[in-house]
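A.B. asks:
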Amino acid sequence: MFGDLRRFNTNQSQGMDWFQQFLDEFFPESWAADIRSVPRGSFPMINVGRTDDAIRVYVFAAGLSTSDLEVNVQDNVLTLRGKREVQLPKAEGEERRPYFRRERFSGEFARSIALPDGLDVDRAEAHFRNGVFEILLPKREELKPRRIEIQAA
Amino acid sequence: MNDVTKREASREVATRERQDSALLPLVDIYEEDNALHILADMPGVTREGLSIEVDNNVLSLEGEIQIDMPEGIAATYAEVRAQRYARRFTLSHEIDTEAIEARVDSGVLHLVLPKKETHRSRRIEVRAA
C-alpha cells in the first residue's frame with residue numbers, strides 16, 4: 001500500500017522527523033520549496049498517487065463528515081476547504097474542562113495542490129471512509145498510455 | 001549466491017524499517033470528574049486495525065492504516081509516509097485499567113479512562129456553623 005511511498009523518503013526516516021523539524025526551523029527552505037507547500041503536520045495531510053488511468057488524491061481528515069469538505073478543481077489546482085470543530089461534551093455547570101493536551105487541529109482549513117495536465121474533471125469522484133477522503137481524477141482518454149503495435153515491413 | 005544473500009539482507013532491512021516507522025497520532029486529552037478522555041486522530045484506521053493495550057501502567061495505542069488502493073499505483077507526493085500510528089502514555093494509578101472504553105469514528109479514536117471508585121472527586125459540603 002504505502003510501502004511504495006517510502007521511495008520518496010529520500011534522506012530522512014520517520015524517526016528523524018523531530019530533527020528534520022528542528023532543522024527546518026533554523027534553516028527554512030534551504031532548497032526551493034513548492035509554492036503551495038505547507039509546513040509539516042498541516043491539516044489535513046495529503047498523499048497523491050498515479051495510475052495509468054487516473055490520479056488519486058488521499059486526504060487524511062479524521063473526524064470530518066462528507067459534508068465538511070469542499071473539493072474544487074480550477075485550472076489544474078485542486079483546492080480543499082473545510083472546517084473541523086473539535087467540540088467537547090459540555091458538563092453541567094462547568095465552563096471549561098482542564099486540558100492536558102490540545103494537539104488536534106480545530107477550525108477552518110484550505111489547502112491547494114497542483115495537478116498535472118490532462119485530467120477529466122467532469123468524471124471526478126470522491127469517497128470518504130474511516131477519516132480518509134479519496135478523490136479520483138481520471139485522465140483524459142488521449143493521455144492514457146497506449147501500446148503501439150510494430151508492424152512487419 | 002552472493003546476490004541472493006544480499007537481496008535477503010536488504011529485504012530484512014526493508015521490513016524492519018517498515019515496522020519502525022510509525023506516525024505519532026495527534027491527541028487531545030482532557031479530564032472529567034470521573035474519567036480522563038483521549039481523542040486521537042488516526043485517519044485510515046478501522047476498528048479491526050486498532051490495538052489498544054495496557055501493560056504495566058503504560059497505555060499503547062496502535063493502528064494500522066488500511067486504505068484500498070489500486071494495484072500499480074505510484075506515489076507522486078506523500079505527506080503520510082507510514083503504514084501505522086503508534087503512541088504511548090504512562091497512566092497514573094487511579095485509572096481503572098479494566099474499565100477503559102474505546103470507540104473509533106471517522107478515523108478519530110475516543111478513549112475513556114475511568115478513575116477508580118476510590119479516587120473520584122467528591123463535592124464537600126460546607127455546613128453552616
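Protein sequence lines, in the order shown, are assigned to chains P and G.
Per the numbering used here, residue 1 is the first one in the first sequence, and the count goes up by one each step.
Per the numbering used here, residue 1 is the first one in the second sequence, and the count goes up by one each step.
C-beta atoms are modelled at their ideal positions from N, C-alpha and C, and glycine is treated no differently.
In the structure shown, what three-state DSSP assignment does E48(G) receive?
C.D. replies: If DSSP states are grouped into helix, strand and coil, E48(G) belongs with coil.
A.B. asks: If you pair each beta-carbon of the segment 31 to 39 of chain G with each one of the segment 107 to 123 of chain G, do three or more pairs fall below 8 Å?
C.D. replies: Counting Cβ pairs under 8 Å, three or more are found: they touch.
A.B. asks: Between G49(P) and chain G, is the shortest Cβ-Cβ distance under 8 Å, so that the two count as touching?
C.D. replies: With 8 Å as the cut-off, G49(P) counts as an interface residue toward chain G.
A.B. asks: When the Cα atoms are used, what is the spatial distance from E98(G) to A110(P)?
C.D. replies: One C-alpha to the other measures close to 42 Å.
A.B. asks: Can you give me the start and stop residues for the beta strand (DSSP E) that K83(P) sits inside?
C.D. replies: Note, K83(P): beta strand (DSSP E), 77 to 84.
A.B. asks: Would you mind telling me which residues of chain G sit closer than 9 Å to F109(P), beta carbon to beta carbon, in chain order?
C.D. replies: What F109(P) touches in chain G: nothing, since even the nearest Cβ is about 13 Å away.
A.B. asks: Is there a Cβ of chain P sitting closer than 8 Å to that of E139(G), yes or no?
C.D. replies: This structure cannot speak to residue 139(G), because chain G is shown only from 1 to 129.
A.B. asks: Tell me the residue span of the beta strand (DSSP E) that contains I135(P).
C.D. replies: First-last of the beta strand (DSSP E) with I135(P): 132 to 138.
A.B. asks: Looking at the structure shown, is L91(G) part of a helix, part of a strand, or coil, going by DSSP?
C.D. replies: In the structure shown, L91(G) sits in coil (DSSP, three-state: anything other than H, G, I, E or B).
A.B. asks: When we look at the beta-carbon of V58(G) and count the other beta-carbons within 10 Å, is it buried (16 or more) or exposed?
C.D. replies: Exposed: under 16 other Cβ atoms inside 10 Å.
A.B. asks: Exposed or buried, what is P116(P) when buried is set at 16 or more other beta-carbons lying within 10 Å of its beta-carbon?
C.D. replies: Looking at its Cβ environment, which holds fewer than 16 other Cβ atoms inside 10 Å, P116(P) is exposed.
A.B. asks: Between the segment 42 to 49 of chain G and the segment 68 to 76 of chain G, can you find at least three pairs of beta-carbon atoms closer than 8 Å?
C.D. replies: No contact exists between the segment 68 to 76 of chain G and the segment 42 to 49 of chain G.
A.B. asks: Measure from the C-beta of P98(P) to each C-beta in chain G and report whether the shortest distance is under 8 Å.
C.D. replies: It does: the Cβ of P98(P) has a partner Cβ on chain G nearer than 8 Å.
A.B. asks: Just list the residues that DSSP pairs H37(G) with in beta bridges.
C.D. replies: DSSP output for H37(G) lists Y30(G), V112(G) as bridge partner(s).
A.B. asks: Beta-carbon within less than 6 Å of F60(P)'s beta-carbon, same chain only, minus the 5 sequence neighbours each way: which residues are those?
C.D. replies: Closer than 6 Å at Cβ, skipping near neighbours: P44, M45, V132.
A.B. asks: Can you name the residues of chain P whose CB is closer than 7 Å to the CB of E62(G)?
C.D. replies: The premise fails here: E62(G) is roughly 14 Å from chain P at the closest Cβ pair, so nothing lies under 7 Å.
A.B. asks: Taking its Cβ as the centre, do 16 or more other Cβ atoms sit within 10 Å of S67(P), making it buried, or is it exposed?
C.D. replies: Flag for S67(P) reads exposed.
A.B. asks: Let's see if you can read the secondary structure: which residues bound the beta strand (DSSP E) around F109(P)?
C.D. replies: Taken as a continuous stretch (DSSP letters only), the beta strand (DSSP E) holding F109(P) covers 107 to 114.
A.B. asks: Helix, strand or coil: how does DSSP classify R120(G) here?
C.D. replies: Reduced to three states, the DSSP call for R120(G) is coil.
A.B. asks: So with CB distances below 8 Å, who are the chain G contacts of S65(P)?
C.D. replies: Residues of chain G passing the Cβ test: S106.
A.B. asks: Between A54(P), A62(P), Q74(P), D53(P), which has its C-alpha nearest I113(P)'s C-alpha?
C.D. replies: Selected option, being the one with the closest Cα: Q74(P).
A.B. asks: Using beta-carbon positions only, say whether I124(G) and V54(G) come within less than 8 Å of one another.
C.D. replies: Result no, Cβ atoms of I124(G) and V54(G) do not sit closer than 8 Å.
A.B. asks: Classify A158(P): buried if its beta carbon has 16 or more other beta carbons within 10 angstroms, exposed otherwise.
C.D. replies: Outside the modelled stretch of chain P, which goes from 1 to 153, sits residue 158(P), for which no answer is possible.
A.B. asks: Can you check which of these residues, A78(G), H37(G), Y85(G), is closest to G107(G) by C-alpha distance?
C.D. replies: Of the candidates A78(G), H37(G), Y85(G), the one whose C-alpha sits nearest the C-alpha of G107(G) is Y85(G).
A.B. asks: At least one CB of chain P closer than 8 Å to the CB of P114(G): is that the case?
C.D. replies: No - not a single Cβ of chain P is within 8 Å of the one on P114(G).
A.B. asks: Would you identify the three-state DSSP class for S60(G), choosing helix, strand or coil?
C.D. replies: Strand.
A.B. asks: Report the neighbours of V53(G) on chain P: residues whose CB is nearer than 7 Å to its CB, in chain order.
C.D. replies: In the sequence as presented, Val is not what sits at residue 53(G); that position holds Glu. Result: empty, since nearest Cβ-Cβ is about 20 Å, beyond 7 Å.
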